[in-house]
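K.L.:
Pasting a structure here, questions to come.
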Amino acid sequence: MTNATMTNGTWATRRLDELVSGQATLPPVVQTMKLGALDAWGEG
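Numbering (the working numbering), first residue to last: 65 to 108.
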């Protein structure tokens, strides 16, 4: 794992972090069906 990956994460881990924190805009189908986002995630 590089330092850039450790500090900034990958695009996927950044997206997961946004979803958990509530900062991400959910896709329209998720909003329409009121599916919600993630409560938590972890590596491994």
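Glycine included, every Cβ here is placed at the ideal spot set by N, Cα and C. Just so you know, these numbers come straight off a predicted model, no measurement behind them.
Between A76 and L99, what straight-line distance do the alpha-carbon atoms span, to the nearest angstrom?
P.N.:
If you take the alpha carbons of A76 and L99, they lie about 20 Å apart.
K.L.:
On the DSSP letters alone, give me the boundaries of the alpha helix (DSSP H) that D81 sits inside.
P.N.:
Run containing D81: W75 to S85, per the alpha helix (DSSP H) assignment.
K.L.:
Tell me the rounded alpha-carbon separation between N67 and V94.
P.N.:
Because N67 carries a pLDDT of 42, less than 50, the predicted location of this residue cannot be relied on, and the following value inherits that uncertainty. One C-alpha to the other measures close to 34 Å.
K.L.:
Taking the alpha helix (DSSP H) that T96 belongs to, which residues open and close that run?
P.N.:
Start and end: P92 to T96.
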